[in-house]
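The sequence shown begins at 1 in full-length UniProt numbering and counts up one residue at a time.
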Amino acid sequence: MSASFRCVELEPQRYAVVEHAGHISIRHQTFHSIWNGWLPTSGFKAVDAPEFERYSGDYDPVTGAGVLEIRLPVEPSA
1 MSASFRCVEL EPQRYAVVEH AGHISIRHQT FHSIWNGWLP TSGFKAVDAP EFERYSGDYD
61 PVTGAGVLEI RLPVEPSA
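Right, dumping it as structure tokens:
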């Protein structure tokens with residue numbers, strides 16, 4: 001493994017998983033929808049834990065096309 005990479009272990013956590021299937025350049029729209037649309041009405045709240053993305057096997061970094069999953073750490077809000 002390159003010195004610029006490191007391994008981390010994540011604590012068990014509940015994640016909301018949202019699929020973004022558009023071009024990578026517009027993923028900010030998906031984040032906007034999560035934070036300003038879904039999350040406020042979901043019954044969940046974001047928690048202080050790592051958020052991460054998972055890129056599908058068909059994702060092409062050259063064209064920016066393919067599916068990615070946005071994984072947002074959440075817990076019930078009440």
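Heads up, the beta-carbon is just placed ideally off N, CA and C, and yes, glycines get one too.
query	result
Candidates Ser4, Val8 and Ala16, of which the one nearest Glu69 by Cα	Ala16
Cβ pair Val47, Glu11 closer than 8 Å	no
Beta-carbon proximity list for Arg54, same chain, < 7 Å, skipping 5 on both sides	Leu68, Glu69 and Arg71
Contact belief for Ala65 with Gln13 at Cβ below 8 Å, rounded distance in angstroms	Going by Cβ atoms, the distance from Ala65 to Gln13 rounds to 29 Å, so no, they are not a contact pair.
Residue(s) in a DSSP beta bridge with Arg71	Val17 and Phe52
Lys45 to Thr63 span [Cα, whole Å]	34 Å
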